[in-house]
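Student: Keeping their order, the protein sequence lines are chains S and P.
The numbering used here applies: residue 2 is where the first sequence begins, and numbers increase by one.
The numbering used here applies: residue 12 is where the second sequence begins, and numbers increase by one.
Just so it is clear, CB atoms sit at the ideal spot from N, CA and C, and this is done for glycine as well.
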Amino acid sequence: MIDSALLLQTVNLSIGYAAHQSILEGLNLSLYKGELVCLLGENGIGKSTLLKTLSKTMPLLSGDVSIAGKSIRAINQHELAKKISLVLTGSHEIGMMDAIELVALGRYPHTGWGGKLTKRDIEIVNNAMSLTGIQYLSSRKVTELSDGQLQKVMIARAVAQDSDLMILDEPTAFLDVNNRVEVMYMLKKLAEDTNKTILISTHDLDLAFQVSGRLWLATKAGITTGSPEDLILNGEIERTFATENFHFEKATGKFRKTILCTKTLNLTGEGASYFWTKNALERKGFCIDSENKDLKLKVTDNAGNHHWKLDIKGKIHTFSSVNELLVFLTKPV
Amino acid sequence: MSEVFQIKQSKTILWIILPLLLLVLFLTNISLGSVNIPLNDIIDILIGKTVEKDAWANIILQFRLPKAMTAILVGAGLSVSGLLMQTLFRNPLAGPFVLGITSGASLGVALLVLATASFGGILTFIGTSGNWLMVLAASFGAGLVLMLVLVAATRVKNSMTLLIIGLMFGSATGAIVSILQFFSSKEQIQSYLIWTFGSVGGLTWREINIFLPIILLGLVAAFLLKKPLNALLLGEEYAKSMGVKIKSVRFMVIVVTSILAGTITAFCGPIAFIGITVPHLCRMIFNTSNHKTLIIASVLMGSIIMLFCDIIAQLPGSQFVLPINAVTSLLGAPIVVWIILRKKNITT
Chain S
2 MIDSALLLQT VNLSIGYAAH QSILEGLNLS LYKGELVCLL GENGIGKSTL LKTLSKTMPL
62 LSGDVSIAGK SIRAINQHEL AKKISLVLTG SHEIGMMDAI ELVALGRYPH TGWGGKLTKR
122 DIEIVNNAMS LTGIQYLSSR KVTELSDGQL QKVMIARAVA QDSDLMILDE PTAFLDVNNR
182 VEVMYMLKKL AEDTNKTILI STHDLDLAFQ VSGRLWLATK AGITTGSPED LILNGEIERT
242 FATENFHFEK ATGKFRKTIL CTKTLNLTGE GASYFWTKNA LERKGFCIDS ENKDLKLKVT
302 DNAGNHHWKL DIKGKIHTFS SVNELLVFLT KPV
Chain P
12 MSEVFQIKQS KTILWIILPL LLLVLFLTNI SLGSVNIPLN DIIDILIGKT VEKDAWANII
72 LQFRLPKAMT AILVGAGLSV SGLLMQTLFR NPLAGPFVLG ITSGASLGVA LLVLATASFG
132 GILTFIGTSG NWLMVLAASF GAGLVLMLVL VAATRVKNSM TLLIIGLMFG SATGAIVSIL
192 QFFSSKEQIQ SYLIWTFGSV GGLTWREINI FLPIILLGLV AAFLLKKPLN ALLLGEEYAK
252 SMGVKIKSVR FMVIVVTSIL AGTITAFCGP IAFIGITVPH LCRMIFNTSN HKTLIIASVL
312 MGSIIMLFCD IIAQLPGSQF VLPINAVTSL LGAPIVVWII LRKKNITT
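#1: Tell me whether the beta-carbon of asparagine 41/S lies closer than 8 Å to the beta-carbon of alanine 219/S.
#2: Do proline 229/S and phenylalanine 249/S have their CB atoms nearer than 8 Å?
#3: So what's tryptophan 206/P in DSSP terms, helix, strand or just coil?
#4: Going along the chain, which unbroken runs of the alpha helix (DSSP H) with 4 or more residues stay wholly within the region 38 to 79 of chain P?
#5: Does the CB of methionine 98/S have a neighbour CB from chain P at under 8 Å?
#6: Return the Cβ separation of leucine 146/S and valine 154/S in integer angstroms, given the expectation that the two are a contact with Cβ distance under 8 Å.
#7: Do the CB positions of aspartate 170/S and serine 321/S come within less than 8 Å of each other?
#8: Which value, in whole angstroms, describes the spacing of the CA atoms of aspartate 65/P and glutamine 73/P?
#9: Give me the Cα-Cα distance between lysine 251/P and serine 340/P, rounded to the nearest whole angstrom.
#10: Does the separation of the CB atoms of histidine 302/P and lysine 237/P fall below 8 Å?
#11: For chain S, check one thing: does any of its Cβ atoms lie closer than 8 Å to the Cβ of methionine 317/P?
#12: Report the residues of the region 231 to 255 of chain P with a CB closer than 8 Å to any CB of chain S, ordered along the chain.
#13: What does isoleucine 95/S touch in chain P if you count any residue whose Cβ is under 7 Å from its own?
#14: Given that a residue counts as buried once 16 or more other Cβ atoms are within 10 Å of its Cβ, and exposed if not, what is glycine 273/P?
#15: Run through DSSP, which three-state label would threonine 263/S get?
#16: Measuring only the C-alpha atoms, how far is arginine 353/P from valine 347/P?
#17: Name the chain S residues whose beta carbon is nearer than 9 Å to that of serine 114/P?
#18: Indicate whether at least one CB of chain P lies closer than 8 Å to the CB of leucine 41/S.
#19: Which of the three DSSP states, helix, strand or coil, is assigned to lysine 299/S?
#20: My assumption, with CB atoms under 8 Å, is that lysine 264/S sits in contact with phenylalanine 287/S. Please give the rounded CB distance.
#21: Name, please, each residue of chain S whose Cβ falls closer than 9 Å to the Cβ of leucine 288/P.
#22: Go through its chain and collect everything with a Cβ distance to alanine 68/P's Cβ below 7 Å, but skip five positions before and after it.
#23: Tell me the rounded alpha-carbon separation between methionine 185/S and isoleucine 350/P.
#24: Spell out the partners DSSP gives alanine 219/S in its beta bridges.
#25: Rounded to whole angstroms, what is the Cα-Cα separation between isoleucine 279/S and lysine 332/S?
#26: Below 6 Å CB to CB, which residues in the same chain sit around serine 291/S once its five sequence neighbours on both sides are set aside?
#27: Using a threshold of 8 Å, state whether the C-beta atoms of aspartate 99/S and isoleucine 125/S are closer than that.
#28: Pick out the complete beta strand (DSSP E) segments inside the region 250 to 328 of chain P, 3 residues or longer, and give them in chain order.
#29: At 8 Å on the CB atoms, spell out the chain P contacts of tyrosine 109/S, in chain order.
#30: Look at glycine 280/P and glycine 209/P and say whether their C-beta atoms are less than 8 Å apart.
#31: Is there a Cβ of chain S sitting closer than 8 Å to that of arginine 75/P, yes or no?
#32: Select from Ser92/P, Val188/P and Val146/P the residue whose C-alpha is nearest the C-alpha of isoleucine 221/P.
#33: Grouping DSSP H, G and I as helix and E and B as strand, with all else coil, what is aspartate 163/S?
#34: Please classify glycine 93/P as buried or exposed, where buried requires at least 16 other C-beta atoms within 10 Å of its C-beta.
#35: Beta-carbon of threonine 139/P versus every beta-carbon of chain S: anything under 8 Å?
#36: For the ligand MG, is there a heavy atom less than 7 Å away from the beta-carbon of leucine 240/P?
As structure tokens, then:
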């Protein structure tokens, strides 16, 4: 990244609620124009506090935050609103207004005392709605929207605010799976289309790995940054999130319960059928061991017809579903 | 589409009906009374023509017109202050009285009544100026509670907490009033009770000359706050992120509300339910939370309802006049219940 693309920088930033109990200290972070960064970390590690501090909703304990080369200490609330917009977890009552009215509220820092919209304001509002794909909601009352739709409207409002940086604090926390994916990919597209910088705190590791160019990984020791893939491969993700009972599978990017191997089994096969058979076996306490000569299982996939062939010391059993296989394997001997 | 924050076309009819209704109720209000005056004579008097009976002009100009004007100012002022409170506290049941302003005014009046009794019923001697003393006492009490709430407002960040503090001030002052009543004579309690009945009929032109500009000032100030009020609909955090200077807006809203509700309570006594009910009615019929619409609508609707309540209070055709506070409560309480039942929930 070249220096001219630097948007936000923190220098020795300490965050927290009171001087003697800072949560995170000595943070030196940067955000570049047009990048999407996901902030990951356990609950209570200080993700929200960091986002609130960066957006000046909370005072800085020490150190400094600068946006576009200017310290946020020297920028008043009104000017800051032109540089940073905010989207929260949401899902509270917001009164009766049309979706377009809510999006238009984003023009707040740009309009006069009466909030009257100019032609250009209206253009920006409409553009924000088309970028977020919510034109069809335009004249709907926000009280009638689903959580996912409402969150998109809130994001469109932040887009209409036309700030360089958009900060989102767990924007997908209350959404169902489809909406989570949709909202996160929408944000990725936004960053690409508008060259705005987007910082998202989230617990959706999976989605964060898919959409973000860089991650901010918050641990008690501080914040590590890097591309998702590097942080997975160098074990940072695992160190941040893994516990005694759960481990992080680098190969799949998923967390799994660390299983106690009570039995082993030699599994061969390919693709999805192999993956899901392994999933089922592990759930039942079988570890995959290619050295096992006594218990061998082969899964074959003939254009969607799956067959499982189990070889117990030379004796062959065949099954046509995972369920049949599991019933047989877990049957008391 | 280009008129996002403009009042919707479909609502145009309401903007014709409401002012017409206001005019009709205004004329009805001043044509009712123990002396029957024909409507065309009333209109002649209002536009400055001389009519055959001087007494009629006197009744209309010195009694009925000030009363109708007071009703309009009370309705408009209380409704707008209720609207502002509901938005500031994000609480649909907030009203100008929740901050304890009325209780403060009541305390002032209760103290006055008790004090005058100790000095041997001064009120009866000072005659008409007793009315002014009442206003001063109520204003002082309202102002005192307002000061306390403002001090609290500079210390607490959260509007919900402020609301609870307001309730506590209200309860505390209410309790002091109860104790005062316990130690008061029958006559004292009676004169205090008469004040709590509320009245829009007690103001002379001299008083309206003070009352009118204060209320107009409050209403204009409220209208100037419409932009931050709209942003506040999303909550304080969002509002702040969009550049709303929360502290100064909150201060302004509290000052405007207190001026409106405090002045009205001082001049007319406590008048319940207008502040809570009217903003909800306006939200319902205009189907919006936009303050540009709601402030104007609340002024119109509040005036209409207050004139209507005053007509009911006069019990047309009878010699009796009901306490206005009782009428607004009897009408207002069922409306609030009806709104809650109809909408299952109510919102700001």
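Tutor: Here's the rundown:
#1: Start at 1 with the first residue of the first sequence, and residue 41/S comes out as number 40. Start at 1 with the first residue of the first sequence, and residue 219/S comes out as number 218. Residue 41/S is actually leucine in this sequence, not asparagine. Their beta carbons are under 8 Å apart, which means leucine 41/S touches alanine 219/S by this criterion.
#2: As a first step, residue 229/S must be located in the first sequence, where it is residue number 228. As a first step, residue 249/S must be located in the first sequence, where it is residue number 248. A distance of 8 Å or more separates the beta carbons of proline 229/S and phenylalanine 249/S.
#3: Counting from one through the second sequence, the residue named residue 206/P turns up at place 195. If DSSP states are grouped into helix, strand and coil, tryptophan 206/P belongs with the helices.
#4: The DSSP assignment places complete alpha helix (DSSP H) segments of no fewer than 4 residues inside the region 38 to 79 of chain P at 50 to 57 and 65 to 69, in order along the chain.
#5: Taking the first sequence and counting its residues from 1, one reaches residue 98/S at position 97. Residue-level contact check: methionine 98/S touches chain P, since one or more beta carbons of chain P fall below 8 Å from its beta carbon.
#6: Indexing the first sequence from 1 puts residue 146/S at position 145. Indexing the first sequence from 1 puts residue 154/S at position 153. At roughly 7 Å, the Cβ-Cβ gap stays under 8 Å, so leucine 146/S and valine 154/S are in contact.
#7: Residue mapping note: residue 170/S aligns to position 169 of the first sequence, counting from 1. Residue mapping note: residue 321/S aligns to position 320 of the first sequence, counting from 1. Not in contact: aspartate 170/S and serine 321/S (Cβ atoms no closer than 8 Å).
#8: Counting from 1 along the second sequence, the entry for residue 65/P is found at position 54. Counting from 1 along the second sequence, the entry for residue 73/P is found at position 62. Per the coordinates, the alpha-carbon of aspartate 65/P lies some 12 Å from the alpha-carbon of glutamine 73/P.
#9: The residue labelled residue 251/P in the question sits at position 240 within the second sequence. The residue labelled residue 340/P in the question sits at position 329 within the second sequence. Going from the Cα of lysine 251/P to the Cα of serine 340/P covers about 37 Å.
#10: Residue numbering aside, residue 302/P sits at position 291 when the second sequence is read from its first letter. Residue numbering aside, residue 237/P sits at position 226 when the second sequence is read from its first letter. Histidine 302/P places its beta carbon less than 8 Å from that of lysine 237/P.
#11: Here residue 317/P refers to the residue found at position 306 of the second sequence. For methionine 317/P, the answer is no, since every Cβ of chain S falls outside 8 Å of its Cβ.
#12: Here the close residues are Leu235, Lys237, Lys238, Asn241, Ala242, Leu244, Leu245, Gly246, Glu248, Tyr249, Lys251, Ser252, Met253, Gly254 and Val255.
#13: Taking the first sequence and counting its residues from 1, the one referred to as residue 95/S is at position 94. Neighbours of isoleucine 95/S on chain P, chain order: Leu244 and Leu245.
#14: The sequence position of residue 273/P within the second sequence is 262, counting from 1. It counts as buried.
#15: By one-based count along the first sequence, residue 263/S stands at place 262. DSSP places threonine 263/S in coil when its eight states are reduced to three.
#16: Position 342 of the second sequence, counted from the start, is the residue given in the question as residue 353/P. Position 336 of the second sequence, counted from the start, is the residue given in the question as residue 347/P. Their backbone Cα atoms lie some 10 Å apart in a straight line.
#17: Here residue 114/P refers to the residue found at position 103 when the second sequence is read from its first residue. Going along chain S, no residue has its Cβ under 9 Å from serine 114/P, so there is no contact; the nearest lies around 28 Å.
#18: As a first step, residue 41/S is located in the first sequence; it is residue number 40 there, counting from the start. Not one chain P Cβ lies under 8 Å of leucine 41/S.
#19: Locating residue 299/S in the first sequence gives position 298, counting from the first residue. DSSP, reduced to helix, strand and coil, places lysine 299/S within a strand of the structure shown.
#20: Mapped onto the first sequence, residue 264/S falls at position 263. Mapped onto the first sequence, residue 287/S falls at position 286. Going by Cβ atoms, the distance from lysine 264/S to phenylalanine 287/S rounds to 5 Å, so yes, they are a contact pair.
#21: Residue mapping note: residue 288/P aligns to position 277 of the second sequence, counting from 1. The residue asked about is misnamed: residue 288/P is threonine in this sequence, not leucine. In chain order: nothing, as chain S lies at least about 17 Å away.
#22: Indexing the second sequence from 1 puts residue 68/P at position 57. Around alanine 68/P: Ile56 and Val62.
#23: Working through the first sequence from its first residue, we reach residue 185/S at position 184. Working through the second sequence from its first residue, we reach residue 350/P at position 339. Methionine 185/S and isoleucine 350/P: Cα-Cα distance of roughly 39 Å.
#24: Numbered from 1 along the first sequence, position 218 holds the residue referred to as residue 219/S. Beta-bridge pairing links alanine 219/S to Gly42/S and Ile224/S.
#25: Walking along the first sequence from the start, residue 279/S turns up at place 278. Walking along the first sequence from the start, residue 332/S turns up at place 331. Checking the sequence, you will find lysine at residue 279/S rather than isoleucine. Taking the CA atoms as reference points, lysine 279/S sits about 18 Å from lysine 332/S.
#26: Locating residue 291/S in the first sequence gives position 290, where the first residue counts as 1. Within the same chain, Asn267 come within 6 Å of serine 291/S by CB-CB distance, once the 5 residues on both sides are set aside.
#27: Mapped onto the first sequence, residue 99/S falls at position 98. Mapped onto the first sequence, residue 125/S falls at position 124. No, they are not a contact pair.
#28: Look at the region 250 to 328 of chain P and you find no whole run of beta strand (DSSP E) that is 3 residues long or longer.
#29: Position 108 of the first sequence, counting from 1, holds the residue named residue 109/S. Within chain P, the residues near tyrosine 109/S are Lys238, Ala242, Met253, Gly254 and Val255.
#30: The residue given as residue 280/P occupies position 269 in the second sequence. The residue given as residue 209/P occupies position 198 in the second sequence. Contact: yes.
#31: Taking the second sequence and counting its residues from 1, one reaches residue 75/P at position 64. No, arginine 75/P does not count as interfacial toward chain S.
#32: Counting from one through the second sequence, the residue named residue 221/P turns up at place 210. Isoleucine 221/P has its Cα closest to that of Val146/P, out of Ser92/P, Val188/P and Val146/P.
#33: Mapped onto the first sequence, residue 163/S falls at position 162. Aspartate 163/S: coil per DSSP, three-state reduction.
#34: As a position in the second sequence, residue 93/P is number 82, starting the count at 1. Residue burial annotation: glycine 93/P is buried, with at least 16 other C-beta atoms found within 10 angstroms of its C-beta.
#35: The residue given as residue 139/P occupies position 128 in the second sequence. Confidence is the limiting factor: at threonine 139/P the pLDDT is only 49, short of 50, which leaves the residue's position unreliable, though a coordinate-based value still follows. Chain S contact via Cβ: absent.
#36: The ligand MG is not part of this structure, which contains no ligands at all.
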